[in-house]
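First the structure, in the form of C-alpha cells, and then the observations on it.
Number of protein chains: 2
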Amino acid sequence: MSILFSRECEYALQAVSYLALKPAGELTSIKDLTKKLRIPYHFLAKILQRLVGKGLLISQKGPSGGFGLAAPAESITLFHVVDAVDGSDFLHRCVMGFPECSGKHPCAVHGTWGDLREKVYQMLVNQNVAQTAQEMRKPEYRD
Amino acid sequence: MSILFSRECEYALQAVSYLALKPAGELTSIKDLTKKLRIPYHFLAKILQRLVGKGLLISQKGPSGGFGLAAPAESITLFHVVDAVDGSDFLHRCVMGFPECSGKHPCAVHGTWGDLREKVYQMLVNQNVAQTAQEMRKPEYRD
DNA sequence: TTAAATTAAGACAAGAAAGTCTGAATAGCA
DNA sequence: TGCTATTCAGACTTTCTTGTCTTAATTTAA
C-alpha cells in the first residue's frame, strides 16, 4: 500500500511537528525525538540530516547539540516538508496511472481527482507546523 | 513516491477498463492487452490471474482464450478493483502516519483529510468501469 | 491425436524503500 | 589536553515491490 506519502515523509512530518513544539532556538537530540515518536534512531537521523540539507532544519554537533527549526514554526507548512522529502509529483500524476492522461486527453476521473488533489494541496499549504505541533501536546506524547 | 495506489493497482484499473470496452462475453488475450496498454506481459498476466481469483474476471485457456469481465461493466466500480488489489487501508490510516491518530485523538489534519478521503471513496464507488472504458476509445488507444 | 495457442503457477531477479551499523567530525567541558 | 556527547556521512542489510522466466495445464482445431 501507500497512502499519499512515503514512510520517510510521514516521519519527517512528525519530527518537524515535534520540533515546532519547542521554544524557538532550542535544540533537540535524536535520542529525545525517538523517545517520543516511535521512529528507528538511525533512520530518523538520516531524515533529519536531509532536512538540514534542504534548509528546513538547523543542527549543531557536540554535547547539548541537536536539531531545531530553521524558521519560525508558523512559517513552515506541511507542504514545505512534503515537497522536501517526497517532492510534488503527486500533484500532477494520473490517479489511474494512464501515461496519456492530461488536460487534453483526460481519463474518466481526471477532473474529479484534480479537484480533490487541489484540496489536498490546499490542506498542506494552509497547515503550518505550529498548528500540527499542538497534536504533540496530547497525553500520548508527554513524557 | 506513491500516489494513492500501487503500480499493480493502476495496471489493474487500466486493464479492467480496457476489458470493459469489449462486448460482454468476448475474451481478450494478454498479448492483446499489452499491445494497447504498455504493461509488461508477465506482470500483467500475474495481475489478471489475481483478479480472476478475486472473482472480478473470468478466464479461459487455449486458442481463442483470454480474459473477460465476470460481471456487467456497469456493475464493477473502481473501488471493486482497488479493494481487490491494494485493499482499503488507505480509508483508515492517518495521512501523517501518527499511530495514535483517531477520532478520539485526532491529528491536526484528521478532519480535513477525513473529508477528502471520503470524497476519494465516493469517486471510486461512483465510477464504474463502463464509464472509464470510454477513455480507451480515444485515438491514443486505437490500433 | 497431434500441434499450436493460450492461461496457471511459481521460482527467480532487479530495483526501490526502509532500516542498521560504523567510523569520522565537531563541540563543550573538566 | 583529553573525554564525552552529539551530528555527519556513507556503506551495508533487509524487506517489499516490480518485473522476468520457465514449465505445466488446458483448449481448440487441423
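The listed protein sequences correspond, in order, to chains A and B.
Sequential numbering from 121 applies to the first sequence in this note's numbering.
Sequential numbering from 121 applies to the second sequence in this note's numbering.
Ideal Cβ positions, reconstructed from N, Cα and C, are used throughout, including at glycine.
Would you list the one or two residues that DSSP bridges to T197 (chain B)? Locating residue 197 (chain B) in the second sequence gives position 77, where the first residue counts as 1. B:N248.
Given G217 (chain A), which residues of its chain have a CB within under 6 Å of its CB, disregarding the five upstream and five downstream residues? Taking the first residue of the first sequence as 1, we reach residue 217 (chain A) at position 97. Same-chain partners within the cutoff: there are none.
Pair within 8 Å by beta-carbon distance, L177 (chain A) and L189 (chain A): Here residue 177 (chain A) refers to the residue found at position 57 of the first sequence. Here residue 189 (chain A) refers to the residue found at position 69 of the first sequence. The answer is yes: Cβ separation under 8 Å.
Using a Cβ-Cβ distance under 8 Å, would A265 (chain A) count as near chain B? The structure shown has nothing for residue 265 (chain A), since chain A only spans 121 to 263.
Could you name the residues of chain B that E118 (chain A) contacts, counting a contact when the two beta carbons are closer than 9 Å? Since the first residue of chain A shown is 121 and the last is 263, residue 118 (chain A) is not available in this structure.
Using a Cβ cut-off of 8 Å (strictly closer), state whether K142 (chain B) contacts chain A. Numbered from its first residue, the second sequence carries residue 142 (chain B) at position 22. Chain A contact via Cβ: absent.
Simplified DSSP assignment, three categories, for L177 (chain B): Residue numbering aside, residue 177 (chain B) sits at position 57 when the second sequence is read from its first letter. DSSP places L177 (chain B) in strand when its eight states are reduced to three.
Residues from the stretch 245 to 260 of chain B in contact with chain A, defined by Cβ distance under 7 Å: Q247, Q251, T252, Q254, E255, K258, E260
Report yes or no: is there a C-beta of chain A within less than 8 Å of the C-beta of P219 (chain B)? Counting from one through the second sequence, the residue named residue 219 (chain B) turns up at place 99. Chain A contact via Cβ: present.
Can you tell me which of A:A144, A:E130, A:G175 puts its alpha carbon nearest to the alpha carbon of R158 (chain A)? Position 38 of the first sequence, counted from the start, is the residue given in the question as residue 158 (chain A). If we check each option's Cα against that of R158 (chain A), A:E130 comes out closest.
Taking C-alpha atoms, which residue in A:C214, A:H162, A:K151, A:D206 lies nearest to G186 (chain A)? On the first sequence, position 66 is the one that residue 186 (chain A) refers to. Comparing Cα-Cα distances from G186 (chain A) to each of A:C214, A:H162, A:K151, A:D206, the minimum goes to A:K151.
Show which residues of chain A have a CB atom less than 7 Å away from the CB atom of R170 (chain B). As a first step, residue 170 (chain B) must be located in the second sequence, where it is residue number 50. In chain order: nothing, as chain A lies at least about 15 Å away.
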